[in-house]
Structure formats: structure tokens, C-alpha cells
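>
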Ligand SMILES: [K+]
Ligand SMILES: [K+]
């Protein structure tokens with residue numbers, strides 16, 4: 225009994241980063257064991273594949289070495305959905321929720337954990353945010369489930385139809401990208417209902433909860449925080465550019481958009497433009513895309529979603545800050561000014577650090593995977609590594625052919641990409657303030 | 225007569241960037257026309273190839289759509305050497321030299337041009353530097369020529385042997401990478417004399433003249449400027465890492481190092497490790513290298529040589545500053561401190577801007593070349609674009625198969641890479657000073 229108390233004390237002494245890593249490792253391990261159970265799969269599964277799927281679900285990546293549609297029983301698929309919800313809606317919000325449910329006060333340690341996970345700069349707003357977050361997320365998922373069942377109950381009957389709606393609603397909102405068809409969502413390429421519901425789910429889940437709360441509270445664009453404004457404008461611009469790019473590049477590719485009607489071409493371009501940051505669903509075959517398009521999608525995957533969201537990548541604001549700093553410098557200005565606000569240099573430093581560490585990890589991943597997968601083409605390897613690091617889950621086809629060592633490497637990269645390069649390396653760096661010219665405002669990065 | 229005076233006045237009114245671009249365009253055009261002359265080639269040459277070779281020589285890149293060894297007469301090859309010397313030792317130093325020779329005083333405009341080209345922050349030291357630079361360069365080239373003729377006069381006789389020594393001395397010192405054998409320097413893979421002389425030439429030419437002047441004046445390591453120290457330490461580390469990497473990766477590759485003796489393996493690894501930043505010579509077949517090695521070399525090519533050198537790339541100090549900033553941030557420090565010196569944030573901003581613009585240009589280049597070269601593999605395209613942008617001149621074999629549009633694209637990228645992304649976009653950005661904690665010192669970037 226005494227030793228248990230000691231252990232609990234030791235556990236509580238862990239700093240937020242260590243706690244986060246620990247919770248992740250435990251969840252993935254439990255997930256692996258459950259997926260390995262006889263009634264989780266139809267014909268059994270290797271340990272490495274169970275570990276891969278568990279990690280992929282828990283990190284909401286969506287890469288799969290075995291076909292989730294045909295390998296797993298409904299029970300197994302349900303477990304995957306649970307892992308996705310746990311990993312996506314957030315271990316952290318779950319932890320806080322459990323504290324709330326058992327009536328305990330939330331201590332500073334837990335709030336710091338949340339702060340760290342959600343990348344919130346004010347400690348006070350965390351608890352309120354988590355309540356918002358949780359109620360809002362479940363509501364959205366339920367509404368989406370109802371909409372999806374309009375399509376899938378008539379097609380598959382009540383049991384399967386509802387389960388499919390449940391699964392894909394969770395998978396989409398949490399930006400997991402898992403689907404229960406072997407070709408992902410390719411059969412719904414021109415289906416407006418599936419396209420709209422799924423994409424709205426992952427866009428909402430990927431824009432970051434602070435943005436949602438901000439929009440919910442303030443309603444008017446002018447009153448929004450700089451972070452929210454940048455996220456909205458940035459998301460719009462990047463999605464429109466991506467849609468145009470994919471539409472033009474794949475227009476006459478017979479293996480992707482070539483044989484589609486104009487309507488389906490537009491739906492597919494839209495969906496494949498918004499999905500890489502970092503939903504990971506696909507309605508056309510990624511592996512058949514032009515290498516130019518693949519390279520473009522790699523860049524989108526690297527940028528990723530919003531801070532404090534279910535998505536991954538270096539985050540859109542990180543990329544925006546670096547772009548804005550470059551533009552400021554070219555104009556000969558020393559301050560990074562956008563929308564009449566100055567961005568503190570400390571945020572640029574953070575953005576730079578996140579990008580550099582990410583680039584280094586991605587490069588190392590590519591070099592290593594190149595060594596384990598001798599027969600794979602370079603662009604496929606690059607695609608796979610960035611997809612895992614950005615917890616995107618798109619694949620040009622390499623995942624199912626991975627060697628055992630390759631699988632382990634991708635597992636490691638997914639965890640690295642989800643926990644964030646920074647979380648693994650240091651705890652909280654509090655930036656010191658500098659002289660203010662324009663009024664300053666905080667920006668979330670990473 | 226009056227209109228001519230007007231034109232001259234207009235010419236002088238150009239800012240340094242515009243003047244630099246103008247001189248480049250004129251030189252490349254003249255070079256193209258001369259290479260197109262009947263007695264420059266054995267069997268004629270297309271305009272686009274003449275333009276390509278002229279640009280490649282003038283930008284000291286070394287990529288070639290036709291084989292310089294068999295296509296050009298000795299006259300043609302001599303013209304290439306002249307273009308290399310003009311483009312490498314520097315249009316700018318040439319311009320100043322011409323002013324000096326005709327006895328004119330050097331005006332502020334010309335000094336600014338030099339300052340811009342050599343990336344020197346003090347205007348006063350420029351003229352002195354150019355004198356140093358010019359005498360030193362010619363001396364080094366002559367000494368190297370004597371050493372090389374020890375190998376090549378016995379092999380090819382006096383005329384050809386001396387010409388070869390002259391050509392390769394110029395090509396190496398200016399980091400041009402042109403060689404007069406169809407397989408570049410592959411036949412000298414294990415030859416200590418050629419390996420040492422050529423590599424010393426391009427390392428000296430690529431480390432930056434300010435470093436050379438600094439070492440020449442101060443002799444002792446402790447007294448050297450921060451820039452010089454960083455360049456020396458950085459060059460050593462990156463070369464050793466690169467040599468180990470290539471040695472290990474290619475050790476048993478039958479098409480590169482596999483069949484060599486250990487001695488030749490080491491020489492080849494050394495040479496291929498130091499050459500990508502940005503000499504561009506090769507003693508083993510680049511196209512036969514492992515994709516992992518190619519990717520590694522792409523990174524080396526992107527980083528490039530030293531500021532104010534004959535080489536290209538984003539420059540070693542630019543990469544170092546970004547790495548140092550990342551490390552500082554991870555340690556929770558707001559200042560970039562190295563070797564007991566603080567680096568001003570304005571240099572980080574400059575380094576960041578240079579890197580970002582370079583990345584954007586390289587990505588655009590890759591996307592475009594992917595469109596023009598439909599049958600080329602992705603890594604070869606990536607390699608080609610980075611090689612052109614970093615004015616390196618190594619190729620995985622794509623250059624000779626380029627389409628006409630692809631050739632024009634690479635020509636454009638070479639010019640862009642040589643003139644520097646910044647030179648094309650803005651003139652001189654003078655950073656304002658901030659609070660000093662540790663004593664500050666200037667770092668050259670770009
Ligand atoms: K995903
Ligand atoms: K070169």
C-alpha cells in the first residue's frame with residue numbers, strides 16, 4: 225500500500241510533457257492488446273500490425289498496414305473508434321473531464337497539462353475551454369451522425385448503417401481518416417452529402433477549438449482575435465489554391481479525375497484539397513496522382529491544421545508567421561505586422577524552431593525509410609513520412625507493403641508527429657516581452 | 225551623341241541590383257553568340273544549348289546539356305573558361321578592376337555594387353578587399369595550374385596538358401564544376417594530386433574571400449571574426465559528416481564505390497562529400513548513387529558555400545544561424561549566443577528570409593520541371609533543380625535529356641540562384657540595432 229502511494233506521488237511529479245507521453249504509451253499499449261484479441265479480427269493479426277493500427281488510431285493518423293474494412297470485426301472497428309476519440313478529442317480533455325466527473329478540483333498541474341496540449345497562453349481559460357470543447361464536439365459528432373445515417377441506413381440497414389455513421393463521424397471530426405471501405409471514400413466521390421458532412425467535420429475539428437470558441441463568442445469578424453482571423457483567412461486561401469491546383473493537374477489523368485463528369489471532378493478536387501491538412505480521407509486514388517500533385521500534397525500535409533485542434537503538421541499559423549516574417553523583411557521592416565497588429569519576435573522564434581525541428585525529423589525519417597524500403601520510389605517514401613509526421617494518413621500505396629522495420633519506423637514517426645517535436649524536447653518556454661510599437665497580440669504556433 | 229550621353233546617364237542611375245542583373249544578361253548574351261560561332265564547336269550547336277552553356281559558365285554552375293569535352297573546340301572551351309572567370313571571380317571585382325586600370329576613382333555607386341555582391345557590411349573595406357581578392361585568386365589559380373600540369377603535361381603533352389591545367393584550375397577555383405572529360409573527373413577517382421589540388425581550389429574559392437582575408441591578416445584562431453570561426457568550424461563538421469555518410473551508404477554499391485580499393489573508396493567519399501557545396505565536380509557516377517545518398521546531397525547542395533564566395537546555395541552561415549536559433553529556443557533562451565557572442569535578431573530574420581525564398585523558388589522549380597519532364601523520376605528532378613539553384617552543377621543524369629522548355633527553365637533557375645533571390649527582390653536592407661547583452665558581432669548570410 226505504501227509503495228503504491230509512493231508510485232502515485234512519483235506519477236504526479238511527472239511534468240506535463242512526461243505525463244502526456246506516458247498516457248499515450250499506455251493507451252497505445254492497451255489498444256494494441258485489445259486489437260490482438262481473437263474477437264477483434266476475423267482471421268487474426270500480427271503484433272506489429274495491431275501496434276501499428278492502435279498507434280495510427282490513437283495519433284489520429286489513419287495510415288493502415290492492414291485493411292480496417294476487412295480485417296477487423298465490428299468490435300475491433302469499435303475499439304478503433306474509441307482509440308480515435310481518446311487520441312483526438314484529447315487525452316487531456318478526457319483527463320480533465322474525469323477529474324470533473326469524480327468531483328475533484330482541477331489542480332495547477334492538470335491545467336498546465338491542458339495548457340500545453342491546447343497551446344493556450346492563458347491558464348485561467350483552460351477549464352472553461354475544455355467544457356465548451358467537449359460538449360461542442362459530442363454535439364457536432366451526433367448531428368453529423370444523423371446526417372450520415374440518411375445516406376447509410378438506407379444503403380446498409382439500421383445496424384450497419386448507424387455503426388458506419390458513428391464510426392465515420394468520429395473518424396472525420398478527429399481528423400483520423402480511417403474509413404470502413406477498402407478504397408476509403410472513393411465510392412462517394414460525387415456524393416454531396418458525404419463530401420459536405422465529412423469535410424465540415426474535419427475542417428471544424430482541424431481549425432482549433434480556440435478558433436471555434438472565439439467565433440462562437442464574438443460572432444463579428446472585426447472583433448475576432450488575430451489568431452482566429454489568420455486561421456480563417458489562411459484556411460480559405462490555402463483551400464482555394466489547393467483545389468484549383470488539384471483540379472488543373474489531375475483534370476485529364478484517366479486514373480484520377482479523367483473519366484469523371486465536371487461535377488464529380490469539382491467535388492473530388494474540393495475534397496482532396498481540404499483533406500491533406502490533416503484529415504487523411506481520400507475520394508480518388510492517391511497513388512495514381514501525378515508526381516507534381518503528390519509533391520504539392522506533401523507540402524499541404526507538412527503545413528497541417530490549426531493549433532489546439534485534432535490535426536497535426538507544423539500548423540497553419542506557424543507557416544503563416546514565417547511567410548509574414550519573410551514578407552516583412554523583404555519590405556525592409558523589422559516588425560512583423562499583419563492586420564494592424566505586430567507579432568512578437570518570440571513567436572517567430574517558436575515558429576522557426578517548430579519548422580526546423582520538423583524538417584530535421586522528416587529528413588531523418590525519409591533517410592531511414594529509404595534504407596528499410598529498398599524498392600519503394602522516393603516520392604512515395606517522402607509522402608509516407610510526411611503523412612505519418614503530420615498525422616495525415618494519406619498514402620501513395622506504400623503502407624501495406626512496408627517491411628517490419630519500416631512499420632516500426634512509421635509508428636515512431638506518428639507518435640513523434642502527434643506529441644509534437646517540442647513536447648518531447650522541452651516543457652514550457654515563456655517568451656519575454658519586448659518594446660511595443662503596434663499593439664501586440666499572441667499567435668498560436670505548433 | 226546627345227542620346228548616347230543620356231543613355232550612359234540612365235545606365236549609371238541604375239541601382240546596384242539592376243546593374244548586376246544587366247551585366248549578367250549582357251555577358252550571357254555575348255557568351256551565347258560566341259559559343260554559337262562555327263569555330264567554337266566541332267559540329268555546330270543549337271541556340272538553346274549555347275545559351276545553356278553560356279549561362280551555366282557565367283553562373284559557375286557546371287550543368288551541361290551537351291558534352292563540353294566533345295562538343296567544343298579548344299577555342300570554345302577557352303571561351304567557357306573566360307565566362308567562368310568573369311562570372312566567378314566576379315563581374316563586380318572585374319568592374320572595379322577596370323575602373324582602377326583606367327585610373328578612375330571608385331565612386332560610391334561602384335562600392336555599393338561591390339558591397340552588395342560581396343555581402344560586406346563596411347563600405348570602406350571593399351576596395352582593399354577587391355585588390356586582395358584579385359591578386360590572391362590569380363596567384364592561387366597559377367600555383368594550382370603548375371601542380372595540375374605535373375599530372376597532365378606528361379599525360380597529354382605540353383599544349384593540351386597546359387590548357388587542361390589552365391581550364392580546370394579556373395573551373396575549380398570558381399566552383400564551376402566544368403571538366404573536359406565526358407565523365408567529369410571519374411578517371412582520377414583515386415589520384416591524390418588531382419583530388420587534393422582540385423578540392424583545395426574549390427574549398428578556398430567557396431569559403432568566402434572575407435574568411436581568407438581574415439585568416440591571412442590575423443593568423444591566430446582566437447583573433448578571428450565570429451563569421452570566420454563559424455565558417456571554419458562549420459565547413460569542417462559538415463565535410464566530415466558528409467564524407468562518413470557517403471562512405472557508409474555507397475560502400476557496397478557496385479556502381480559507385482563497390483569495386484574500389486579502400487584507398488579509392490576514401491578518396492571518392494572525400495571528394496563527393498566536399499564537392500556538392502557548390503563545386504559540382506564528380507569522381508563517381510552521381511546517377512548510380514543510392515536515392516538516400518542523392519537526397520543527402522540535395523541537402524548539401526541547398527546549403528551551399530560561404531557568403532562572398534564563388535559558390536551558391538543559401539550559404540553555410542545562413543543554415544548555421546537558423547540551427548543556432550532553434551537550439552537557443554529549445555534551451556529557453558531569447559538570444560542567439562554562440563562562441564560567447566550574441567547574434568542580432570536582424571541576422572536571423574535575414575537568414576530566415578533567404579531560406580524561405582529559396583525554398584519557395586526550389587519548390588516552384590520542382591513543380592514546373594515535373595510538368596516539362598514527364599518521364600523523369602522525382603528525385604532526379606529535385607536533384608536537378610536544387611543543383612541549378614545552388615549553382616552546383618551535379619546531375620543525376622537529367623540534364624542531357626532535358627526538353628527545350630526544361631532547358632530554359634533550368635537556365636532561369638541558374639540565373640536566379642546566382643544573382644541571389646534577395647538581389648532580385650530588394651536592394652539593401654539596413655538592420656536597426658537592438659539592445660546588446662553579450663557584445664554583438666555581424667554574421668554574413670546569403
Ligand atoms: K489523419
Ligand atoms: K558549380
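Protein chains in written order, with this note's numbering: chain A, 225 to 670; chain B, 225 to 670.
Where a beta carbon is used, it is the ideal one built from N, C-alpha and C, also for glycine.
Quick caveat: nothing in here was measured; it's all calculated off a predicted structure.
Buried or exposed for residue 416 (chain B), please, with buried defined as at least 16 other CB atoms from any protein chain shown within 10 angstroms of its CB.
The residue in question, residue 416 (chain B), is exposed, as its Cβ has fewer than 16 Cβ neighbours within 10 Å.
> Where DSSP assigns a beta bridge to residue 296 (chain A), which residues make up the other side?
A:265
> Would you say residue 594 (chain A) reaches chain B, if we count a Cβ-Cβ gap shorter than 8 Å as a contact?
yes
> With DSSP as the reference, identify every bridge partner of residue 422 (chain A), one or two as the case may be.
Answer by DSSP bridge pairing: none, since residue 422 (chain A) is not bridged.
> Say the cut is 7 Å; is the CB of residue 368 (chain B) nearer than that to a heavy atom of ligand 1?
no
> In this structure, does DSSP put residue 375 (chain A) in helix, strand or coil?
helix
> Taking a cut-off of 6 Å, which residues have a beta-carbon closer than that to any heavy atom of ligand 1, in chain order?
A:284, A:285, A:286, A:399, A:400, A:401, A:502, A:503, A:504, A:615, A:616 and A:617
> Judging by CA-CA distance, which residue of A:276, A:267 and A:503 is the nearest neighbour of residue 255 (chain A)?
A:276
> For the stretch 544–556 of chain A, which residues have a beta carbon sitting closer than 9 Å to at least one beta carbon of chain B?
Cβ contacts with chain B: 546, 547, 549, 550, 551, 552, 553, 554, 555 and 556.
> Would residue 578 (chain B) and residue 542 (chain B) be called neighbours here (beta carbons separated by less than 8 Å)?
yes
> Looking only at its own chain, which residues have a Cβ that is under 7 Å from the Cβ of residue 590 (chain A), when we skip the five neighbours before and after it?
605, 606 and 609
> Pick out whichever of A:431, A:295, A:471 and A:506 has its Cα sitting closest to the Cα of residue 392 (chain A).
A:506
> Just the Cα atoms here: how many angstroms apart are residue 448 (chain B) and residue 436 (chain B)?
11 Å
> Taking only beta-carbon atoms, is residue 574 (chain A) less than 8 Å away from chain B?
The beta carbon of residue 574 (chain A) sits closer than 8 Å to some beta carbon of chain B.
> Is it buried or exposed for residue 496 (chain A), if we count other Cβ within 10 angstroms and need 16 for buried?
buried
> Measure the C-alpha to C-alpha separation of residue 492 (chain A) and residue 372 (chain A) and round it to an integer number of angstroms.
18 Å
> Give the single residue among A:517, A:510 and A:442 whose Cα lies nearest to the Cα of residue 468 (chain A).
A:517
> Could you please give me the residues that DSSP links to residue 567 (chain B) through a beta bridge?
B:560
> Residue 569 (chain A) touches chain B at which residues, Cβ-Cβ below 8 Å?
In chain order: 569.
> Check the Cβ of residue 618 (chain B) against every Cβ in chain A and list those closer than 8 Å, keeping chain order.
Taking the beta carbon of residue 618 (chain B) as reference, no residue of chain A falls within 8 Å; the closest one sits roughly 17 Å away.
> Would the stretch 545–552 of chain A count as touching the stretch 613–630 of chain A if we require 3 or more Cβ pairs under 8 Å?
The stretch 545–552 of chain A is not in contact with the stretch 613–630 of chain A.
> By alpha-carbon positions, which one of B:412, B:364 and B:295 ends up nearest to residue 379 (chain B)?
B:412
> Check the Cβ-Cβ distances between residue 523 (chain B) and every residue of chain A, and say whether any is below 8 Å.
yes
> Could you pull out every residue in the same chain whose Cβ sits closer than 7 Å to the Cβ of residue 455 (chain B), ignoring the five residues on either side in sequence?
Same-chain partners within the cutoff: 431, 432, 435, 530, 540 and 541.
> Starting from the Cα of residue 462 (chain A), find the closest Cα among A:599, A:566, A:575 and A:526 and give me that residue.
A:526
> So, at 7 Å on beta carbons, what are the nonlocal neighbours of residue 301 (chain B) in its own chain, with the 5 sequence-adjacent residues on each side left out?
292, 391 and 404
> Write down the C-beta distance between residue 427 (chain A) and residue 498 (chain A) rounded to the nearest angstrom, noting that I regard them as a contact closer than 8 Å.
6 Å
> The alpha helix (DSSP H) spanning residue 487 (chain B) covers which residue range?
486–498
> Judging by CA-CA distance, which residue of B:360, B:504 and B:511 is the nearest neighbour of residue 283 (chain B)?
B:504
> Along the stretch 404–430 of chain A, where does the CB come closer than 8 Å to a CB of chain B? Name the residues.
Flagged: no residues at all.
> Given this structure, state the Cα-to-Cα distance separating residue 261 (chain A) from residue 306 (chain A), to the nearest angstrom.
16 Å
> What is the C-beta distance between residue 313 (chain A) and residue 361 (chain A), in whole angstroms, given that I count them as a contact (C-beta under 8 Å)?
Your pair residue 313 (chain A) and residue 361 (chain A) checks out as a contact, with CB atoms roughly 5 Å apart and the cut at 8 Å.
> Please report the straight-line C-alpha distance between residue 472 (chain A) and residue 600 (chain B), rounded to a whole angstrom.
Looking at the two C-alpha atoms, the distance is approximately 20 Å.
> So for residue 244 (chain B), helix, strand or coil by DSSP?
helix
> Tell me the residue span of the alpha helix (DSSP H) that contains residue 483 (chain A).
Neither: residue 483 (chain A) is in no alpha helix (DSSP H) and is coded neither H nor E.
> Taking only three categories from DSSP, how would you classify residue 330 (chain A)?
Its pLDDT being 49, under 50, residue 330 (chain A) is placed unreliably in this model, and the value from its coordinates should be taken loosely. Residue 330 (chain A): coil per DSSP, three-state reduction.
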